[in-house]
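Residues are numbered in this note's numbering as their position in the sequence shown, beginning at 1, plus a constant of 94.
We put the CB at the ideal spot given by N, CA and C, even for glycine.
Below: the structure, in C-alpha cells.
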Amino acid sequence: MHMAFFEPEIAGNVGAVLRLGACLGATVHLIEPLGFTWDDRRVRRAAMDYIDHVAVIRHQDFATFQAAIGARRLVLFTTKATQSAYQFQYDKDDVLLFGKESAGVPHAIAQVCDAKVKLPIRPEVRSMNLATTAAIALSEAMRQTGTLPLL
C-alpha cells in the first residue's frame, strides 16, 4: 500500500506519517514543494528512529509523481467527496492521496483521481489532522485488503 501527500506544509505531520508508514509497511510519497525544509529537525523528532524503517519517495511535482506510480489507482481523501471511506473497496496496490493541510489538492488534481472518498465526521467541524486521517485511512484500506501486519 502507498500513501501520497500533496505539498505537505507541516513537518510534524510528515514525521508522524513516516512513522505510520514504518509501522504498517506502507511506502510514503511526498509531492513537492514541501512547506518546510526537509532536514527540519521537527520531521526527525516526530518520526524518531522509525524514519530508518520506511520507504520515502520524494517527487519534484505532481507530474513526476504520476509517472512514478504508473497504472496504480489513485484514491483521494477529501472533505469534498460524497462516498464514505468505509464503503469504498480498496485494492492492495492503491495509492491513498492526501492534500495539503491548508487547502487540499487543486481541482485539476482531484479530477485525475480514480476515486474520491472522505472520512465521516461531525458536521460542526471541518476536518481531522492530516496524520490522523492518514492513519485511519491506511488502517481501513489495509484491513479490507488483508495486508495489515500480523500480530
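| Asked | Found |
| --- | --- |
| Starting from Phe156 and walking both ways along the alpha helix (DSSP H), at which residues does that stretch end? | Phe156 to Ile163 |
| Thinking just about the alpha-carbon of each residue, which of Thr172, Arg167 and Pro127 is nearest to the one in Ile215? | Thr172 |
| Between the stretch 139 to 157 and the stretch 172 to 191, can you find at least three pairs of beta-carbon atoms closer than 8 Å? | no |
| In this structure, what does DSSP give as the bridge partners for Arg152? | Leu124 |
| What residues in its chain sit with their C-beta under 6 Å from that of Ile151, if we drop five residues either side in the sequence? | His123 |
| If you drop the 5 nearest sequence neighbours on each side, which residues of the same chain put their C-beta closer than 6 Å to that of Ala105? | Phe130, Asp134, Arg136 and Val137 |
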